[in-house]
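Here is the structure we will look at.
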Amino acid sequence: MNDLLRTKPKSLREKLAQLIFVRIGSNLPPVRTVEQDAERIANLLQECPVGGLLLFNGRRGETAHTLADLQSQSQYPLLVASDIERGVGQQILGHTMFPHAMAFDALGEEAEQAVRQFAKCTAIMARANGIHITFAPVADVNIDPRNPIISTRAFGSEPGRVSQLVKVFVESCQSEGLLATAKHFPGHGNTHEDSHSMLPRVESTRDELEACELAPFRAAIAAQVALVMTAHVQYPGLDDSGKPATLSAPILTNLLRSKLGFQGAVASDSLLMEGVKREAADEGTLAVEAINAGVDLLLDVADPIATLDALERAVLQQQLAEARAEQAFERLWRLKELAFRERDASAALVPLDTQQPTETGESLAAELALDDARRAVTVVCDEQSLLPLASDRSLLAVLLKPFETNLDAPEQPLAEALCERFARSTYFELGPSCEQATLEEILHCARSAEQLLIAMIVKPAAWHRFGLDEKHKTLLQQLLQHPGCVLASLGTPEALKPFANAGVQICAYSDVPVSQRALAERLIAAN
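Residue 264 in the working numbering is what sits at position 264 of the sequence shown, and the numbering runs on without skipping anything.
See below:
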């Protein structure tokens, strides 16, 4: 056994504390980096020995050392988990981001090999930065095209295809030492509401769920996935109590454990989400209900000390069986054994990039991500044979962004990519608060432009709008009157369907920098 794990928590309170994961860094207001948050976490560890950290908003070259320092201050080894569905660059600035999962589906027969390489590369880079768990793959089947939170995060809309790519991801990721998480059980793909802001409901029958939504989770379990994450969604076909899956024993204990045979750890989705917060009077009560239902790890706990107090009180008052709490703790500890196996004490605590350079791994990630993005770009239609565009003719480019975040760059990468390829280009970027004067200027420029590109970012994102607003739609329809107009989706292909009058339609499936660059390249590339 690894020396770090020889001493296990013995008291009830310490074991319960291990079930709690708190975020370090945040992309939500007030935005803070991992480094800015380190002191708060260090102070918390002295009072509450939480089991792990949820990493957001890190920095390349800094975050690995910050995590190593916190590990050295923690009484027990910390599991560091992160939402890196699109690679380490999704949460650590300076590393590469891969396209959204749906882009891999667009690769056809080459998808499995691409997912295999992506998963291995992500695992190597994550471990090099001190991360042990990825909250990926998304095992949801994107059934409802209106879905505002799954959409392009899913590998597709066909259960067999999704199952195969989920299996490949889990096996490849875990072969390189990064623990994978199949989410969001028992399936979030057939909703048209976002569980970050409300409690969605899936009306499918048990048989329908068995045939579709559960298939990728079966594949993940067969591949020995380490964790399964719950959905804050109601499934009356599985549990008629009205409780979301996160709080449902029939779903987590009877179905996931007993019927599907899952032996790993069950993690809640974020407890900050409205889909579950409204189900209890306070976070402590919510935590007790989740553990009782079958959750082992409580993610994104806002007040860890109050939650720990509530868990301990529930055991002492026999509202939570001590045997159930012990079971959850043992599953948590097993994850630590998996994360730290075959590593000596220093290697377990000090991320690999403090011992060897990561430039080679980052170069490989950048190369793979761009190659995946290029191959994924799909010309949906080109009725007027406008492609390729002429690089020596003027281009007006308009990028429509339904929402903006605190972490957005001042200008999207598409601007530079187009400038490099077109001798005369004019670029506009329209967020949700665009001024009327800007709209009029765009229409004026369109009258003299020889070529026109309209690109839309329509993608799922927590607590943000999905789809274009009315102002954007009106402008888009006006611009589509231009005879040389190309309409592109940097996100879901569903965004193109309402605009059938666009003679040229292209889908890149993602808005990450490599996908924006790949779109610019495709505009001037010969077939």
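Glycine included, every Cβ here is placed at the ideal spot set by N, Cα and C.
The model shown is predicted, which means the values in this text are computed figures rather than measured ones.
Hey, quick one: how far does the alpha helix (DSSP H) through residue i stretch, first residue to last?
{"i": "K183", "result": "Careful: K183 lies outside any alpha helix (DSSP H), inside the beta strand (DSSP E) at 181-185."}
{"i": "Q505", "result": "It is not in any alpha helix (DSSP H) - Q505 instead sits in the beta strand (DSSP E) that spans 504-507."}
{"i": "F104", "result": "101-105"}
{"i": "E429", "result": "Careful: E429 lies outside any alpha helix (DSSP H), inside the beta strand (DSSP E) at 425-430."}
{"i": "S82", "result": "From DSSP, S82 is part of no alpha helix (DSSP H) but of the beta strand (DSSP E) over 79-82."}
{"i": "L414", "result": "413-421"}
What would DSSP say about residue i, mapped onto helix, strand or coil?
{"i": "G58", "result": "strand"}
{"i": "C585", "result": "With the chain running from 1 to 527 in the structure shown, residue 585 is simply not present."}
{"i": "A222", "result": "helix"}
{"i": "L364", "result": "helix"}
{"i": "L399", "result": "strand"}
{"i": "Q234", "result": "strand"}
{"i": "L523", "result": "helix"}
{"i": "G108", "result": "helix"}
{"i": "D372", "result": "helix"}
{"i": "D382", "result": "strand"}
{"i": "A348", "result": "Unreliable positioning characterises A348 in this predicted model, as indicated by a pLDDT of 45, which lies under 50. The coordinate reading is nonetheless provided below. The answer is helix: DSSP assigns A348 an H, G or I state."}
{"i": "Q355", "result": "Residue placement at Q355 is flagged as unreliable, the pLDDT there being 44, under the threshold of 50; a coordinate-derived value is accordingly withheld."}
Leaving out the 5 sequence neighbours to the left and right, which residues in its chain are closer than 8 Å to residue i when beta-carbon positions are compared?
{"i": "R324", "result": "I291, N292"}
{"i": "R278", "result": "L199"}
{"i": "G503", "result": "C381, D382, E383, Q384, L386, C485"}
{"i": "E289", "result": "L247, E279, A280"}
{"i": "R59", "result": "T33, V34, E35, I92, L93, G94"}
{"i": "S74", "result": "L45, P49"}
Let's see if you can read the secondary structure: which residues bound the beta strand (DSSP E) around residue i?
{"i": "L67", "result": "Taken as a continuous stretch (DSSP letters only), L67 belongs to no beta strand (DSSP E), being part of the alpha helix (DSSP H) at 63-73."}
{"i": "V22", "result": "21-24"}
{"i": "V377", "result": "Per DSSP, V377 belongs to no beta strand (DSSP E) and is neither H nor E."}
Looking only at DSSP bridge pairs, what is residue i linked to?
{"i": "M229", "result": "A267"}
{"i": "G89", "result": "Answer by DSSP bridge pairing: none, since G89 is not bridged."}
{"i": "P244", "result": "Q234"}
{"i": "G52", "result": "F21, L79"}
Ordered along the chain, which non-local residues of its own chain (more than five positions away) have a Cβ less than 6 Å from that of residue i?
{"i": "A267", "result": "L227, M229, L297, L299"}
{"i": "E494", "result": "P145"}
{"i": "I506", "result": "V379, A488"}
{"i": "A348", "result": "Low confidence applies to A348: its pLDDT is 45, below 50, so where it sits in the model is not reliable, and the reading given next is rough at best. Excluding positions up to five away in sequence, the list reads L4, F340."}
{"i": "I84", "result": "Q90, Q91, T134"}
{"i": "Q174", "result": "A180"}
{"i": "E208", "result": "none"}
{"i": "R116", "result": "V168, S172"}
{"i": "L528", "result": "As displayed, the chain neither begins before 1 nor continues past 527, which places residue 528 out of reach and without an answer."}
{"i": "A114", "result": "F104, L107, D372"}
Excluding five sequence neighbours on each side, which residues of the same chain lie with their C-beta closer than 7 Å to the C-beta of residue i?
{"i": "G484", "result": "L386, E450, Q451, L452"}
{"i": "T354", "result": "For T354, the pLDDT reaches just 44, beneath the cut-off of 50, and the residue's location in the model is therefore unreliable, although a value from the coordinates is still provided. So the list reads A64, H65, A68, once near-sequence residues are dropped."}
{"i": "K8", "result": "W333"}
{"i": "K336", "result": "L5, P77, L79"}
{"i": "P357", "result": "With a pLDDT of 41 at P357, under the threshold of 50, the predicted position of this residue should be treated as unreliable, though the coordinate-derived value follows. Cβ neighbours of P357 beyond the five flanking positions: none."}
{"i": "A42", "result": "L70, Q73"}
Could you give the uninterrupted runs of the beta strand (DSSP E) lying entirely in the region 250-331, keeping only those of 3 residues or more?
Whole beta strand (DSSP E) segments, 3+ residues: 265-267.
Report the start-end ranges of each beta strand (DSSP E) in the region 439-505 that is 3 residues or longer and not cut off at the edges.
The region 439-505 contains, as complete beta strand (DSSP E) runs of 3+ residues, the segments 451-456, 485-489 (chain order).
Complete runs of the beta strand (DSSP E) confined to the region 116-203 [at least 3 residues]:
Assignment of beta strand (DSSP E) within the region 116-203, counting only whole runs of 3 or more residues, yields 181-185 in chain order.
In chain order, what are the residue ranges of uninterrupted beta strand (DSSP E) at least 3 long that sit wholly in the region 5-49?
Runs of the beta strand (DSSP E) inside the region 5-49: 21-24.
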